[in-house]
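K.L.:
Residue numbers (the numbering used here), protein chains in the order written: chain A, 13 to 336; chain B, 212 to 415. Before I ask anything, let me first share the structure, which is written out below as structure tokens.
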Amino acid sequence: MTASPAPTTFFREIARNRRNSWILIFVVALVLAALGGAIGGATGYGWGGVVLALVVAFFMSIGSYFAGDKLVLLSSGAKEVPQAQPPDEYRQLLNVVTEMSLASGLPMPKVYVINDSAPNAFATGRDPKHASVAVTTGLLEKVDREQLQGVIGHELSHVGNYDIRFALLVGVLVGSIALLADWFLRFTFWGGGRRGGGDRDRGGGGAALILFALALVLAIVAPLIGRLVQLAVSRSRESLADVSAVELTRNPVGLARALRTIADDAEVLEVANRATQHLYIVNPIKSFENRSKSMWDTHPPIAERIAVLRGLAGQFGQDATTIE
Amino acid sequence: MDPIWIVLIVLVVVAAGIVFIYNGLIQRRNVVDEAWNQISVQLKRRHDLIPNLVNAVKGYMDFEQETLTRVIEARGAAVSAQQAGPAGAAQSAQAENFLTGALRQLFALVENYPDLKANQNVLQLQEELTTTENQIGFSRQHYNSTVRDFNTSIQTFPSVLIAGMFGFAARDYFQIEEADAEVPTVNLRDEPPQAAPPAAPPQT
Numbered sequence: 013m014t015a016s017p018a019p020t021t022f023f024r025e026i027a028r029n030r031r032n033s034w035i036l037i038f039v040v041a042l043v044l045a046a047l048g049g050a051i052g053g054a055t056g057y058g059w060g061g062v063v064l065a066l067v068v069a070f071f072m073s074i075g076s077y078f079a080g081d082k083l084v085l086l087s088s089g090a091k092e093v094p095q096a097q098p099p100d101e102y103r104q105l106l107n108v109v110t111e112m113s114l115a116s117g118l119p120m121p122k123v124y125v126i127n128d129s130a131p132n133a134f135a136t137g138r139d140p141k142h143a144s145v146a147v148t149t150g151l152l153e154k155v156d157r158e159q160l161q162g163v164i165g166h167e168l169s170h171v172g173n174y175d176i177r178f179a180l181l182v183g184v185l186v187g188s189i190a191l192l193a194d195w196f197l198r199f200t201f202w203g204g205g206r207r208g209g210g211d212r213d214r215g216g217g218g219a220a221l222i223l224f225a226l227a228l229v230l231a232i233v234a235p236l237i238g239r240l241v242q243l244a245v246s247r248s249r250e251s252l253a254d255v256s257a258v259e260l261t262r263n264p265v266g267l268a269r270a271l272r273t274i275a276d277d278a279e280v281l282e283v284a285n286r287a288t289q290h291l292y293i294v295n296p297i298k299s300f301e302n303r304s305k306s307m308w309d310t311h312p313p314i315a316e317r318i319a320v321l322r323g324l325a326g327q328f329g330q331d332a333t334t335i336e
Numbered sequence: 212m213d214p215i216w217i218v219l220i221v222l223v224v225v226a227a228g229i230v231f232i233y234n235g236l237i238q239r240r241n242v243v244d245e246a247w248n249q250i251s252v253q254l255k256r257r258h259d260l261i262p263n264l265v266n267a268v269k270g271y272m273d274f275e276q277e278t279l280t281r282v283i284e285a286r287g288a289a290v291s292a293q294q295a296g297p298a299g300a301a302q303s304a305q306a307e308n309f310l311t312g313a314l315r316q317l318f319a320l321v322e323n324y325p326d327l328k329a330n331q332n333v334l335q336l337q338e339e340l341t342t343t344e345n346q347i348g349f350s351r352q353h354y355n356s357t358v359r360d361f362n363t364s365i366q367t368f369p370s371v372l373i374a375g376m377f378g379f380a381a382r383d384y385f386q387i388e389e390a391d392a393e394v395p396t397v398n399l400r401d402e403p404p405q406a407a408p409p410a411a412p413p414q415t
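See the structure below:
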């Protein structure tokens with residue numbers, strides 16, 4: 013088990029995570045600019061290619077922005093809990109969501125329950141006014157009130173930090189890189205060679221060739237880099253949600269215990285798949301969780317997340333040794 | 212470019228900056244006021260729940276009349292204190308604290324009555340009171356966050372200049388006095404604090 017990091021205040025942790033995620037966005041933007049510049053120079057289309065790619069990627073994502081939450085809820089078989097007259101077994105759930113909503117100052121989200129014995133939860137929605145939080149029946153059965161509070165705090169923090177929007181921004185940039193690279197590779201190998209060839213003949217010479225080679229290399233490598241950075245951003249926002257949850261609950265041990273319980277549970281969440289894995293509090297695809305410390309993960313390794321929470325425990329007079 | 216244009220552009224930019232900062236300060240201050248009201252809402256919720264609780268348990272806890280009466284009196288004192296408004300904030304906090312202690316004693320006694328412990332009604336009320344306690348706490352916590360945010364804005368540069376110009380004053384944090392921070396392990400034979408003459412216990 014990793015040693016606890018030096019005790020730190022959660023404000024610093026929050027600031028660090030925010031900073032990291034914006035630095036990563038900046039990196040993606042740079043990669044896009046480099047790719048766009050190289051391709052633009054090599055093909056003679058200038059920045060038109062980048063602009064077009066951004067526009068197309070934007071429109072491809074816009075549907076997901078407005079309707080993505082409904083789609084995800086539908087595909088996971090989530091049933092909404094009526095807040096006016098809730099069934100007795102969901103009263104505590106609604107109470108806990110109300111508590112976190114008060115602590116964060118966010119409007120009360122819609123609350124959904126998924127019938128699955130694997131404990132897990134996710135949040136979705138483009139902004140706090142259109143947010144939904146979903147938990148599995150397994151979660152309600154297997155965690156106690158303070159653990160549940162930690163999980164809901166984490167999910168509501170995703171809403172409050174506008175993480176869906178953040179993911180959309182990253183998605184559009186990475187999508188643009190992929191589109192641009194794709195177009196260029198098709199252009200190079202399956203047509204349009206005439207224009208490039210003509211320029212080269214006219215004495216563009218060595219420089220044009222180098223630019224072309226650069227564009228080619230970038231077109232192959234950039235989408236990969238983009239995807240890796242996208243995953244790094246996802247991990248960074250997950251850490252941010254963990255620490256933001258602590259800001260709400262002032263109870264790091266509660267969330268740490270919840271993460272431990274969820275991660276240790278052997279059940280598999282049947283409704284989850286690769287497309288939705290990034291939304292859940294703990295990656296529901298078990299094989300990914302076990303290969304910890306991978307740069308292909310959407311979430312930081314559980315051990316690391318718990319270690320961060322243990323580091324914060326001292327600030328609230330909690331005993332960190334109670335968690336594995 | 213004519214110097215006059217440069218001066219005009221600078222003036223416009225500065226004016227826009229002032230407007231932007233001023234609006235931000237107003238928004239933050241309003242958030243603080245709203246958060247304060249939220250606390251009162253939660254407190255009232257708790258006051259309203261207590262008669263239900265007392266009614267649910269009174270049939271079982273014949274020997275605990277005094278306990279129940281104390282809870283009701285503590286509630287009465289808290290309601291009166293709240294009606295004094297922001298001026299009586301410190302006393303209100305104290306009365307609420309005492310009420311919390313009284314309720315905890317009551318639930319400790321419930322442990323001795325197996326019938327009562329299993330009673331769905333009582334369990335639900337217990338959850339409702341737990342969540343109300345939490346909601347009160349979180350409302351206060353959120354209020355303090357908004358105050359922190361607002362105070363930081365009026366103290367940092369450059370908003371500090373605008374704040375001074377338009378008279379934005381720092382807000383106080385919600386604080387429970389050191390002595391009150393220890394929720395009293397109440398012996399319910401003690402007198403509840405008198406913020407105002409307590410209402411006569413309702414005929415239960």
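Glycine included, each C-beta is placed from N, C-alpha and C at the ideal position.
By a C-beta neighbour count over all protein chains shown, 10 Å radius and 16 as the cutoff for buried, is Phe-224 (chain A) buried or exposed?
P.N.:
That one is buried.
K.L.:
Give a yes or no on whether the C-beta atoms belonging to Ala-135 (chain A) and Glu-92 (chain A) are separated by under 8 Å.
P.N.:
Cβ distance not < 8 Å, so Ala-135 (chain A) and Glu-92 (chain A) don't count as in contact.
K.L.:
For Tyr-292 (chain A), which option in A:Asp-156, A:Val-39, A:Ala-54 and A:Glu-250 has the closest C-alpha, if you only look at C-alpha atoms?
P.N.:
Nearest of A:Asp-156, A:Val-39, A:Ala-54 and A:Glu-250 to Tyr-292 (chain A), Cα basis: A:Glu-250.
K.L.:
In angstroms, rounded to a whole number, what distance separates the CA positions of Thr-241 (chain A) and Ile-189 (chain A)?
P.N.:
Position check: residue 241 (chain A) holds Val in this sequence, whereas Thr was assumed. Distance between the alpha carbons of Val-241 (chain A) and Ile-189 (chain A) is about 12 Å.
K.L.:
Thinking just about the alpha-carbon of each residue, which of A:Asn-107, A:Ala-231 and A:Ser-116 is nearest to the one in Val-258 (chain A)?
P.N.:
It is A:Ser-116.
K.L.:
Identify each residue in the segment 343-362 of chain B for which the Cβ-Cβ distance to at least one residue of chain A is less than 8 Å, and report them in chain order.
P.N.:
For the segment 343-362 of chain B, which is checked against every Cβ of chain A, the residues closer than 8 Å are Asn-345, Gln-346, Phe-349, Ser-350, Gln-352, His-353, Ser-356 and Thr-357.
K.L.:
Under 8 Å Cβ-Cβ, which residues of chain A neighbour Gln-194 (chain B)?
P.N.:
Residue 194 (chain B) cannot be examined here, being either before or after the span of chain B that is shown, 212 to 415.
K.L.:
Determine, using beta carbons only, whether Gln-238 (chain B) comes closer than 8 Å to chain A.
P.N.:
No, its Cβ sits nowhere closer than 8 Å to a Cβ of chain A.
K.L.:
In this structure, how does DSSP classify Ser-16 (chain A) when only helix, strand and coil are distinguished?
P.N.:
Residue placement at Ser-16 (chain A) is flagged as unreliable, the pLDDT there being 39, under the threshold of 50; the coordinate-derived value follows with that caveat. In this structure, Ser-16 (chain A) counts as coil in the three-state DSSP scheme.
K.L.:
How many angstroms separate the CA atom of Val-125 (chain A) from the CA atom of Phe-377 (chain B)?
P.N.:
Each residue's Cα considered, the two are about 49 Å apart.
K.L.:
For a quick check, are the C-beta atoms of Thr-273 (chain A) and Val-147 (chain A) less than 8 Å apart?
P.N.:
It is not a contact, given that the beta carbons lie outside the stated cut-off.
K.L.:
Is Ala-54 (chain A) buried or exposed, if buried means 16 or more other CB atoms sit within 10 Å of its CB?
P.N.:
It counts as buried.
K.L.:
Tell me which residues of the segment 81-113 of chain A have at least one Cβ-Cβ distance to chain E shorter than 8 Å, keeping chain order.
P.N.:
Included in the structure are the protein chains A and B, with no chain E among them.
K.L.:
Mind listing the chain A neighbours of Ala-329 (chain B)? Cutoff is C-beta to C-beta under 9 Å, in chain order.
P.N.:
Within 9 Å Cβ-Cβ: nothing; Ala-329 (chain B) doesn't reach chain A, min ~15 Å.
K.L.:
Which runs of the alpha helix (DSSP H) fall wholly inside the segment 276-320 of chain B and span at least 4 residues, in chain order?
P.N.:
List check, alpha helix (DSSP H) in window: 276-294.
K.L.:
Applying a beta-carbon distance threshold of less than 9 Å, which residues of chain A neighbour Glu-322 (chain B)?
P.N.:
By Cβ distance, chain A contributes nothing, its closest Cβ being about 18 Å from Glu-322 (chain B), past 9 Å.
K.L.:
Beta strand (DSSP E) containing Lys-154 (chain A): first to last residue?
P.N.:
First-last for Lys-154 (chain A): 149-154, but that is the alpha helix (DSSP H), not the beta strand (DSSP E).
K.L.:
For a contact defined as C-beta to C-beta under 9 Å, what are the partners of Gln-335 (chain B) on chain A?
P.N.:
Per Cβ cutoff of 9 Å: Asp-100 and Arg-103.
K.L.:
How many whole angstroms separate the CB atoms of Leu-267 (chain A) and Phe-22 (chain A), which I take to be in contact at a CB cut-off of 8 Å?
P.N.:
At roughly 12 Å, the Cβ-Cβ gap does not stay under 8 Å, so Leu-267 (chain A) and Phe-22 (chain A) are not in contact.
K.L.:
Taking Cβ-Cβ distances shorter than 7 Å, what residues in chain A pair up with Glu-338 (chain B)?
P.N.:
In chain order: Arg-103, Gln-104 and Asn-107.
K.L.:
Looking only at its chain, what residues have a beta carbon closer than 6 Å to the beta carbon of Arg-212 (chain A), apart from the 5 residues adjacent to it on each side?
P.N.:
Only weak support exists for where Arg-212 (chain A) lies, its pLDDT of 46 falling under 50; the coordinates are left without a value.
K.L.:
Could you tell me which chain B residues have their CB closer than 9 Å to the CB of Gly-117 (chain A), listed as they occur along the chain?
P.N.:
Chain B residues near Gly-117 (chain A): Val-242, Glu-245, Ala-246, Gln-249, His-353, Ser-356 and Thr-357.
K.L.:
If we call anything under 8 Å between Cβ atoms a contact, is Gly-75 (chain A) one with Val-62 (chain A)?
P.N.:
Not in contact: Gly-75 (chain A) and Val-62 (chain A) (Cβ atoms no closer than 8 Å).
K.L.:
CB Leu-230 (chain A) to CB Ala-45 (chain A), shorter than 8 Å?
P.N.:
No, these two residues do not count as a Cβ contact at 8 Å.
K.L.:
Cα-Cα, which of A:Gly-187, A:Trp-59, A:Ala-130 and A:Ala-253 is closest to Asp-276 (chain A)?
P.N.:
Asp-276 (chain A) has its Cα closest to that of A:Ala-130, out of A:Gly-187, A:Trp-59, A:Ala-130 and A:Ala-253.
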